[in-house]
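As numbered in the numbering used here, residues 1 to 175 make up the sequence shown, in order. By construction, the Cβ of each residue, glycine as well, lies at the ideal position given by its N, Cα and C atoms. Notes for the one structure printed next.
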Amino acid sequence: MGAVQHLHDGRTVKFQVNRDVFSEAVSFAVKLLPQRTTLPILSGVLIQAEGDGLVLSSFDYEVSSRTEIQADVEEPGTVLVSGRLLAEIAGRLPNAPVRISTEESRISVACGSATFTLLSMPVEEYPSIPEIGEQTGVVPAEEFASAVAQVAVAASRDDVTPVITGVQLEVRRPT
Numbered sequence: 001m002g003a004v005q006h007l008h009d010g011r012t013v014k015f016q017v018n019r020d021v022f023s024e025a026v027s028f029a030v031k032l033l034p035q036r037t038t039l040p041i042l043s044g045v046l047i048q049a050e051g052d053g054l055v056l057s058s059f060d061y062e063v064s065s066r067t068e069i070q071a072d073v074e075e076p077g078t079v080l081v082s083g084r085l086l087a088e089i090a091g092r093l094p095n096a097p098v099r100i101s102t103e104e105s106r107i108s109v110a111c112g113s114a115t116f117t118l119l120s121m122p123v124e125e126y127p128s129i130p131e132i133g134e135q136t137g138v139v140p141a142e143e144f145a146s147a148v149a150q151v152a153v154a155a156s157r158d159d160v161t162p163v164i165t166g167v168q169l170e171v172r173r174p175t
């Protein structure tokens, strides 16, 4: 079952967000979640509500993702929710603002006439997401995607020998 947890005991997390923006952000965060994991906590999406927006993150000890979106944050805080379950719900919400609030170990997702309640996952057990250093270069997204697509077909899908499932990436300064 899905889940969410308060970072601060006794505090309620509350925010409202555009349905399409939220659904797209959840889909992005969930894309990299492992299909099977020995650590169920890694199937979660971390939602940090603060200021005028949300940060949605996922991390499986190999790859992390992070996306920021605007939201009307009434009560700031951090929650951890089952990514796949949240994505399933977000994709089926009616076209109306999404209101999310937590109380105790539950999170309520309300949108128009639809209401869902999810159970919690403990934020304190979630691994620290690595900090990304300074940007060292820029590559146009289309060119990067095209280059990866050309070589990724040769990578093995057999994870018995992980080294042959990768694609080598070399970064050089232009001469």
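Query                                                                                                                : Result
Cα-Cα separation, Arg-106 to Leu-86                                                                                  : 13 Å
Inter-stretch contact at 8 Å, needing at least 3 Cβ pairs: the region 162 to 173 / the region 95 to 114              : no
Nonlocal neighbours in the same chain, by C-beta distance under 8 Å from Ala-114, ignoring five residues either side : Arg-92, Leu-93 and Pro-94
DSSP three-state assignment for Gln-70, whether helix, strand or coil                                                : strand
Cβ neighbours of Ser-57 in the same chain (closer than 6 Å, five flanking residues each side left out)               : Leu-46, Arg-66 and Ile-129
Proximity of Val-13 and Ala-49 at Cβ, strictly below 8 Å                                                             : yes
Arg-84 to Thr-175 span [Cα, whole Å]                                                                                 : 45 Å
Terminal residues of the alpha helix (DSSP H) in which Ser-23 lies                                                   : 19 to 31
Complete runs of the alpha helix (DSSP H) confined to the region 114 to 174 [at least 4 residues]                    : 141 to 152
Cβ separation of Val-109 and Ile-89, assumed to be a contact under 8 Å, to the nearest whole Å                       : 6 Å
Leu-86 - containing alpha helix (DSSP H), residue span                                                               : 83 to 90
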